Amino acid sequence: MEKTRCLIIGSGPAGYTAAIYAGRANLSPVLYCGLQTGGQLTQTTEVENFPGYPEGVDGNQMMTDIRQQAERFGADLRDGIITKVDFGKRPFTLTTDSGDIIEADSVIIATGASAKYLGLDDEKKYNGQGVSACATCDGFFYRKKTVAVVGGGDTACEEASYLAGLCKKVYMIVRKPYLRASDVMKKRVEENEKIEILYEHNTLGLYGENGVEGAHVVKRKGEADEERYDLPIDGFFLAIGHKPNTDVFKPWIDVDETGYIKTVDGTPRTNIEGVFAAGDCADPTYRQAIVAAGSGCKAALEAERYLAAKGL
Ligand code: NDP
Numbered sequence: 083m084e085k086t087r088c089l090i091i092g093s094g095p096a097g098y099t100a101a102i103y104a105g106r107a108n109l110s111p112v113l114y115c116g117l118q119t120g121g122q123l124t125q126t127t128e129v130e131n132f133p134g135y136p137e138g139v140d141g142n143q144m145m146t147d148i149r150q151q152a153e154r155f156g157a158d159l160r161d162g163i164i165t166k167v168d169f170g171k172r173p174f175t176l177t178t179d180s181g182d183i184i185e186a187d188s189v190i191i192a193t194g195a196s197a198k199y200l201g202l203d204d205e206k207k208y209n210g211q212g213v214s215a216c217a218t219c220d221g222f223f224y225r226k227k228t229v230a231v232v233g234g235g236d237t238a239c240e241e242a243s244y245l246a247g248l249c250k251k252v253y254m255i256v257r258k259p260y261l262r263a264s265d266v267m268k269k270r271v272e273e274n275e276k277i278e279i280l281y282e283h284n285t286l287g288l289y290g291e292n293g294v295e296g297a298h299v300v301k302r303k304g305e306a307d308e309e310r311y312d313l314p315i316d317g318f319f320l321a322i323g324h325k326p327n328t329d330v331f332k333p334w335i336d337v338d339e340t341g342y343i344k345t346v347d348g349t350p351r352t353n354i355e356g357v358f359a360a361g362d363c364a365d366p367t368y369r370q371a372i373v374a375a376g377s378g379c380k381a382a383l384e385a386e387r388y389l390a391a392k393g394l
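This is how it looks when you write it as structure tokens:
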């Protein structure tokens, strides 16, 4: 059976950065890329807020660059998904989707989170052409334009407020007759003149020749006074929650009520010694590439120290 000192799961900024640090520390890390090699950034167009790229960088290109940096220091990057783990004995054992079993002295979980979408075909059709699930990443491209944010939680209110600072007009498409968000966030969007909340609205589809030009919406769907109309917008932002990709670890690793991995405050340590978590899978709050990269670095340093302390 194959054995490694450091196994990294996930290939976003957290996983690749952990691989750079673990590689430079001579841990010969093995990294499984997961479902989406390169992670969420491969779904965005341009990244303008990652330090070191004054002109911005294509998300795919940036992930390719970080990948090459990890390979340069000897990280063994592999396609594949971890489908099963046993953190109950040491070394830990992990099973891949092709049935390989690998033993690891330390594990860094960097499996990220996936934005939830409504499930409309048009979301796929216009992905990167008017559809986004990250206002901080893409809001800048909609300066002085009209956008809609879907959702009525804290994230939606936060994204709508952020976009209102850039855009001409922001609609919030909220399916219920009220916002689920906290009072302070509710007040913030209600008092913002640029934000108009469309309660009891659902989205049926999107339209546009070259990118999004509007949304087909329905008000009070299924009621006697149901009303369908087209809402002209340039951007359609999803803010209906994220799902951390942590299901496979749940039998062993403590997670919060929404599935995010719980770590010891300020560190990437989990409830299992020798297993660390980095990036969005353990971060319900910031969800930024630079934060994920930083936590990947921390996780690799922690793994290195753990292995040294245990003489592994
Ligand atoms: P939430 O689950 O709180 O809210 C999701 C929102 O999306 C709800 O309004 C929900 O509607 C709506 N929604 C879900 N599915 C659909 C759908 N299929 N169609 C239309 N609307 C849909 O997620 P958030 O990401 O907003 O927040 C997650 C957690 O993070 C919360 O605990 C939140 O408080 C916290 N958070 C805190 C922040 C802060 O304090 N600054 C900032 C951001 C998040 P419905 O209400 O009808 O279910």
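Quick note: the sequence shown uses my numbering, first residue 83, plus one each step. The beta-carbon is built from N, C-alpha and C at its ideal position, and this holds for glycine as well. Bear in mind that the values here come from a model prediction, so they are computed numbers and not experimental data.
task: Check whether the stretch 211 to 223 touches the stretch 346 to 358, counting contact only when three or more Cβ pairs, one atom from each stretch, lie closer than 8 Å.
output: no
Residue span of the alpha helix (DSSP H) that contains Glu-205, given as start and end: Its alpha helix (DSSP H) spans residues 203 to 207.
message: Going by DSSP in three states, Ala-101 sits in which element: helix, strand or coil?
response: helix
- request: Rank Phe-319, Pro-173, Phe-222, Phe-223 by C-alpha distance to the C-alpha of Val-232 and give the top, closest one.
  value: Phe-319
query: Quick one: Cα of Ser-243 to Cα of Val-189, how far?
result: 38 Å
query: Thinking just about the alpha-carbon of each residue, which of Arg-149, Val-112, Gly-138 is nearest to the one in Tyr-98?
result: Arg-149
task: Rounded to whole angstroms, what's the CA-CA distance from Gly-138 to Met-144? Just pull it up for me.
output: 10 Å
- request: Kindly examine the ligand NDP and report whether one of its heavy atoms sits closer than 7 Å to the Cβ of Arg-257.
  value: yes
message: Assuming contact is defined by CB atoms lying nearer than 8 Å, are Glu-308 and Val-300 in contact in what I supplied?
response: yes
Contact check, Leu-109 vs Arg-87, beta carbons under 8 Å: yes
query: When the distance is taken between beta carbons, is Ser-196 closer than 8 Å to Asp-236?
result: no
field: Beta bridge counterpart(s) of Phe-174 as assigned by DSSP
entry: Ala-186
task: Take Ile-163 and list the residues in its own chain whose beta-carbon comes closer than 8 Å to its own, dropping the five residues that flank it on each side.
output: Tyr-114, Gly-116, Leu-117, Thr-178, Asp-179
- prompt: Based on Cα-Cα distance, which residue from Glu-241, Asn-209, Lys-206 lies nearest to Phe-222?
  reply: Glu-241
- request: Using three-state DSSP, classify Pro-136 as helix, strand or coil.
  value: coil
message: By the DSSP assignment, the beta strand (DSSP E) with Ile-279 in it spans what residues?
response: 277 to 280
field: Residue environment, Glu-205, which counts as buried when at least 16 other CB atoms sit within 10 Å
entry: Looking at its Cβ environment, which holds 16 or more other Cβ atoms inside 10 Å, Glu-205 is buried.
message: Suppose contacts are defined by Cβ-Cβ distances below 8 Å. Is Ile-183 in contact with Leu-89 by that definition?
response: Against a cut-off of 8 Å, the Cβ pair of Leu-89 and Ile-183 comes out as no contact.
- prompt: Taking the C-alpha atoms as reference points, what is the distance between Val-252 and Asp-312?
  reply: 15 Å
field: Run of the beta strand (DSSP E) containing Asn-142, from where it starts to where it stops
entry: Looking at the DSSP string, Asn-142 is not in any beta strand (DSSP E); the run it does join, the alpha helix (DSSP H), is 141 to 154.
- prompt: Quick one: any contact between the stretch 268 to 287 and the stretch 349 to 361, if contact means 3 or more CB pairs under 8 Å?
  reply: no
message: What ranges does the beta strand (DSSP E) occupy inside the stretch 278 to 317, keeping only unbroken runs of at least 3 residues that lie completely in it?
response: 283 to 289, 296 to 301, 309 to 314
field: Spatial distance of Asp-147 from Ala-364 (CA atoms)
entry: 24 Å
- prompt: For Gly-156, which of Val-229, Ala-390, Pro-111, His-283 has the nearest alpha-carbon?
  reply: It is Pro-111.
- request: Can you grab the Cα-Cα spacing for the pair Pro-314 / Gly-290, in whole Å?
  value: 10 Å
query: Cβ of Gly-361 less than 8 Å from any chain C Cβ?
result: Looking for chain C here will not work: only one protein chain is present.
message: I want to check one thing, is the minimum distance from the CB of His-298 to the heavy atoms of the ligand NDP below 7 Å?
response: no
Same chain, Cβ closer than 8 Å to Leu-123, five either side skipped, listed in chain order: Gly-94, Pro-95, Val-129, Gly-141, Asn-142, Met-144, Met-145, Ala-371
- prompt: Is Gly-393 buried or exposed, if buried means 16 or more other CB atoms sit within 10 Å of its CB?
  reply: Burial check for Gly-393: the Cβ neighbour count within 10 Å stays below 16, so the residue is exposed.
- request: Would you check whether the ligand NDP has a heavy atom nearer than 7 Å to the C-beta of Leu-286?
  value: no
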